[in-house]
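Residue numbering for the sequence shown follows the working numbering, starting at 1300 and increasing by one per position. No residue lacks a Cβ here, since even glycine has one placed at the ideal position from N, Cα and C. Worksheet: the structure to be examined is printed underneath.
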Amino acid sequence: MRIQEPQQQNVSQMGALVQRKCTHCEHEEKIQKKPLADNIRPLIQRSPNSEDGGHASDQVESQINNSKGEGSSMDNGTKNFMENRFGIDFSGVRIHTGSQAVQMSRELNA
């Protein structure tokens, strides 16, 4: 038994398989790619409300020093996410919640 060789088709025989775009489709607007930089917004930072550069009062500074070592560590998912993107160890970052943390943040305009 002999295997048959595949038949070759002439280009003229394939003419019915190739279609041109319809007149409407030929006039459609083509997609133009834009550089990524056009889509990036500049970083906007608030300026300090005071002229002295945002120094903390003695009371707030004391509260911050007293709260060191408190707070909770970041959950592992968030910690890994941040470390991978910033390339920095976040194991020393502590999350402070509660009314005292809120008050200190307000006093620091944070």
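Problem - Residue from Ser1366, His1323, Ser1372 and Asn1375 whose Cα sits closest to the Cα of Gln1402 - result: Your numbering for residue 1402 matches position 103 in the sequence shown. That would be Ser1366, whose Cα lies nearest to the Cα of Gln1402.
Practice task
Identify whether Arg1393 lies in helix, strand or coil by the three-state DSSP scheme.
Solution key: Translated into positions along the sequence shown, residue 1393 becomes position 94. Residue state, collapsed to three classes: strand.
Problem - Collapsed DSSP secondary structure at Ser1398 in the structure displayed - result: Reading the sequence shown from its first residue, position 99 is the one you call residue 1398. Helix.
Practice task
For Ser1372, write down the residues that DSSP places opposite it in a beta bridge.
Solution key: Mapped onto the sequence shown, residue 1372 falls at position 73. Ser1372 pairs with Arg1393.
Problem - Rounded C-alpha distance that separates Gly1386 from Met1373 - result: Working through the sequence shown from its first residue, we reach residue 1386 at position 87. Working through the sequence shown from its first residue, we reach residue 1373 at position 74. Going by the C-alpha atoms only, they are around 16 Å apart.
Handout entry: Phe1380 versus Phe1389: straight-line alpha-carbon distance, rounded
Key = Position 81 of the sequence shown holds residue 1380. Position 90 of the sequence shown holds residue 1389. Phe1380 and Phe1389: Cα-Cα distance of roughly 10 Å.
Practice task
Using the Cα positions of Ser1361 and Val1392, report the straight-line distance between them to the nearest angstrom.
Solution key: Taking the first residue of the sequence shown as position 1, residue 1361 is located at position 62. Taking the first residue of the sequence shown as position 1, residue 1392 is located at position 93. Taking the Cα positions, Ser1361 is about 19 Å away from Val1392.
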